[in-house]
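A.B. asks:
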Amino acid sequence: MAGERILVVDDRDENIDFIVEYVLKPNGYQAITARDGEEGLRKALTMDPDLILLDLQMPRMTGIEVLESLKEHGKNIPVILMTFHGSEELAVRVFRLGVKNYIIKPFEIEEMLEAIEQALTEDRLRKERDQLTERLILVNRQLEQRVKELNTLYGIGRSVTSLLDVDLLLNRVIEAAVYITGAEEGWLLLVDEKTEELYMRAALGFDEKSARSFRLKVQDSLAGNVIKTGTPLLIGGGKHKIKTAYLVKALLMVPLKVGQRTIGVLSVTRRASDEVFTNNELYLLSALADYAAIAIENARLFQETETEHKKLQAILSRTADAVIVTDEDTRIILFNQAAKNAFCPDSEVTPGQSLADVVHNRDLLELFSQATGGGPPLRTEIPIPGDRTLYATLSTIEGVGHVAVMQDITHLKKLDEMKSEFVSTVSHDLRSPLTTIKGFVDLMGVVGPLNEQQQDFVQRIQKGVVTITELISDLLDIGRIEAEVNLNMEKCAFDEIIHQSVDVLRNQAESKGQTLTVNLPPHLPPIWGNPLRLRQVVDNLVNNAIKYTPEGGKITVWVEGYDSQIALHVRDTGIGIPLADQPYIFDKFYRVRSEETEDITGTGLGLAIVKSIVEKHNGRVWVESEPGRGSTFTVLLPVYKDGEPARKQKTSA
Ligand code: ADP
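Counting from 0, one number per residue, gives the positions in the sequence shown under numbering that gives the first Met the number 0.
(1) Does residue 417 come out as helix, strand or coil in the three-state DSSP assignment?
(2) My output table needs one value for residue 644: the three-state DSSP class, helix, strand or coil.
(3) With DSSP as the reference, label residue 132 as helix, strand or coil.
(4) Could you check whether the Cβ of residue 539 sits closer than 7 Å to any heavy atom belonging to the ligand ADP?
(5) Let me know the secondary structure DSSP gives residue 649 once reduced to three states.
(6) Is it true that the segment 31-40 meets the segment 0-12, where meeting means three or more beta-carbon pairs spaced less than 8 Å apart?
(7) Quick check: what's the CA-CA separation for residue 459 versus residue 470?
(8) Would you check if there are 3 or more beta carbon pairs closer than 8 Å linking the segment 254-262 to the segment 127-138?
(9) Pick helix, strand or coil for residue 382, following the three-state DSSP scheme.
(10) Using a Cβ-based criterion (distance less than 7 Å to any ligand heavy atom), does residue 589 qualify as near the ligand ADP?
(11) Taking all protein chains shown into account, decide if residue 571 is buried (16 or more other Cβ within 10 angstroms of its Cβ) or exposed.
(12) How is the beta strand (DSSP E) around residue 105 delimited, first residue to last?
(13) Taking 7 Å as the line, does the beta carbon of residue 596 fall inside it for any heavy atom of the ligand ADP?
(14) In three-state terms, what does DSSP make of residue 655?
(15) Kindly examine the ligand ADP and report whether one of its heavy atoms sits closer than 7 Å to the Cβ of residue 310.
(16) Looking at residue 332 and residue 664, is the spacing between their C-beta atoms short of 8 Å?
(17) For the ligand ADP, I want to know if residue 472 counts as a neighbour, meaning its beta carbon is within less than 7 Å of at least one of the ligand's heavy atoms.
(18) May I have the straight-line CA-CA distance separating residue 121 from residue 77, to the nearest angstrom?
(19) State the DSSP-derived secondary structure class of residue 14, mapped to helix, strand or coil.
(20) Does the beta carbon of residue 202 come closer than 8 Å to any beta carbon on chain B?
(21) With distances taken between CB atoms, is the gap from residue 290 to residue 204 smaller than 8 Å?
(22) Is there at least one non-hydrogen atom of the ligand ADP closer than 7 Å to the beta-carbon of residue 390?
(23) Would you kindly check if the distance between the Cβ of residue 545 and the Cβ of residue 604 is under 8 Å?
(24) Would you list the one or two residues that DSSP bridges to residue 491?
(25) Between the alpha carbons of residue 216 and residue 185, how many angstroms are there, rounded?
(26) Any idea if residue 173 is buried or exposed, counting beta-carbon neighbours within 10 angstroms, 16 or more meaning buried?
(27) Helix, strand or coil for residue 501 per DSSP?
(28) Could you compute how far the alpha carbon of residue 112 sits from the alpha carbon of residue 139?
(29) Keeping to the same chain, check which residues put their C-beta closer than 6 Å to that of residue 644; ignore five residues upstream and five downstream.
(30) Helix, strand or coil for residue 342 per DSSP?
(31) Going by C-alpha to C-alpha distance, which of 416, 169, 518, 97 sits closest to residue 295?
(32) Take the Cβ of residue 48 as the centre, count every other Cβ of all protein chains shown within 10 Å, and call the residue buried at 16 or more, exposed below.
(33) What are the complete alpha helix (DSSP H) segments, minimum 4 residues, inside the segment 396-469?
(34) Pick helix, strand or coil for residue 658, following the three-state DSSP scheme.
(35) In the DSSP assignment, find the alpha helix (DSSP H) that holds residue 42 and state where it starts and stops.
(36) Using a threshold of 7 Å, is the CB atom of residue 571 nearer than that to any non-hydrogen atom of the ligand ADP?
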């Protein structure tokens, strides 16, 4: 690459001319000339040539002196020395002064050209190498900076998950923010939602007193703007007011976000230097702000959980119900005071102990031993000393274990007994006079002839007595069923119950000219229930079917057996039930009012009794019906499961 500027310093004109005319110009180099050392030095210093061809012996200032002076000035221009034979020993000295080459006078054109090209190439390479080294150093420095930043972020990230002390963590965030952005001050402001102000949660470069009293209105402040927009703010150059008498030259603010909410601002500032913060610093500060937001949110959630935990602890320990929570291996997790009073008033209970080591009540231990992974809760009565009874509900909580909540139902049991007594007394006391009325009314026609009007009156009294008797017996029934905590359950054959019911009601159907068909599968699985109550279910449904189906209609009773359930269907071709009434027919005293039902007597309690009994058996009942075409009632009951007798006293709901 020619075109370089070459300074030729020689005191002999013919030498200069020779070099300029025969070596430099023909090869495209630009020549600068100097006739002595002084001129050469001046031109070298002011014109910055790419190469110097320097004569060694010159008047006033020798080549060596020129070299020394160049060195003193810190000039690093490549030099080719031109010398005569016999001065080689000088060469050693001059090489120390940075000379690249020397050439012995007189020289050939080619020889000089070669030396020039070599020196220029070397210099070019040296410059390129220097540039590369410089770039490398720069990249290295940037890398070191990145490593420093990432290490800081990493450290803060780890602290977020390991530090429970949020104050300490936020102080670290501020320190890191100031450190990696090279700022002078850093602060973290949070929104006080009550006052709509920003207060200082952590700071560096502030004295504690002003940090504590620092308050800013969200409205009309730079930080408030960041809160409102949720976007960062980067400003520099000039002075910016943060608050009265608090001016900064460069400022970087990033929002602290929890989900969509901005809860505060993390900021770094420069008050003395006005060096503007960079985009990279903005990115780093945003990462730190995310950490701070996570830490604050974690602390809030932790606080909330703690408060809830304490509340729950307080409720559980003070509640009158006994509560026992165990893990899946029946090791105690929680045992409240009421449970202690009931089962082990004199011993200490510590979490982790096995329930069997603490409690010796067989019913309670048996209840826990029957706890299964899922399914409905188990319920049972647990007698405890002092003639008291607890009603326990044991549920499984996935991932925790089992929880038993026990209510003292001693007084309810007493009330229940009193109620049963009352019910049987009342039923007897009400029924007896009714039987008397019925008896005498029936006799009226026997003891003497009655005129037509008297006969009509007697019939009305008879009808009334039947209605009252039914009503009393239904009322007593529903009262009893609802009051019974536990039905006396046993393994029962549902098909037998259905046959018994249908056999009794067949006459009634036949007297209305109806056909009553029963279809039962050959091997119906047994069910776990109370046979008398189940009989009542079938009776009520078949009885209604007969009652609400006109003469000549068809009634079909059939059963389908599934793996764990049995479905009983009672279908009739009767008057049906309007859609609007269907949701209410299982309510107490609800009766469909229509022309067709006008003359049909009833209490409106039959289906309420059915529903109550079915639910006590953990079953379901529903109707499908179309007015004028008929109705189908379906009862779904769970089949008997192995092990059920072991729970003789227990039901699950
Ligand atoms: P009731 O003593 O009135 O029969 P229920 O509780 O047994 O009382 O039935 C409630 C109402 O549901 C009845 O009044 C009747 O209107 C309607 N109902 C019950 N079963 C049938 C049926 N098989 N066909 C049509 N309507 C029925």
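All C-beta atoms in this analysis are idealised placements derived from N, C-alpha and C, irrespective of residue type, glycine included.
C.D. replies: In short, the structure shows the following:
(1) helix
(2) Legend: pLDDT at residue 644 = 48, less than 50; position of this residue unreliable, value from coordinates given subsequently. Residue 644 falls in the helix class under three-state DSSP.
(3) helix
(4) Yes, the beta carbon of residue 539 sits closer than 7 Å to at least one heavy atom of the ligand ADP.
(5) The predicted position of residue 649 is uncertain, since its pLDDT is 43 and thus under 50; a value taken from the coordinates is nonetheless stated next. Residue 649: coil per DSSP, three-state reduction.
(6) yes
(7) Each residue's Cα considered, the two are about 16 Å apart.
(8) no
(9) Annotated three-state conformation of residue 382 is strand, per DSSP.
(10) yes
(11) By the Cβ-count criterion, residue 571 is buried, with 16 or more other Cβ atoms from all chains shown falling within 10 Å of its own Cβ.
(12) From DSSP, residue 105 is part of no beta strand (DSSP E); its letter is neither H nor E.
(13) yes
(14) An answer regarding residue 655 cannot be provided, because it is not within the stretch 0 to 652 covered by the chain.
(15) no
(16) It is not possible to answer for residue 664, since the shown part of the chain is limited to 0 through 652.
(17) no
(18) 9 Å
(19) DSSP places residue 14 in helix when its eight states are reduced to three.
(20) The question asks about chain B, but that chain is absent: this structure has only one protein chain.
(21) no
(22) no
(23) Not in contact: residue 604 and residue 545 (Cβ atoms no closer than 8 Å).
(24) 526
(25) 19 Å
(26) buried
(27) helix
(28) Rounded to the nearest angstrom, the two C-alpha atoms are 40 Å apart.
(29) Confidence at residue 644 is low in this model, with a pLDDT of 48, below 50, so the placement of that residue should be treated as unreliable; the coordinate-derived value is given next. Cβ neighbours of residue 644 within its own chain (closer than 6 Å, five residues either side excluded): none.
(30) helix
(31) Considering only alpha carbons, the answer is 169.
(32) buried
(33) 409-446
(34) This structure does not reach residue 658, given that the chain is present from 0 up to 652, and the question cannot be answered.
(35) 36-46
(36) yes
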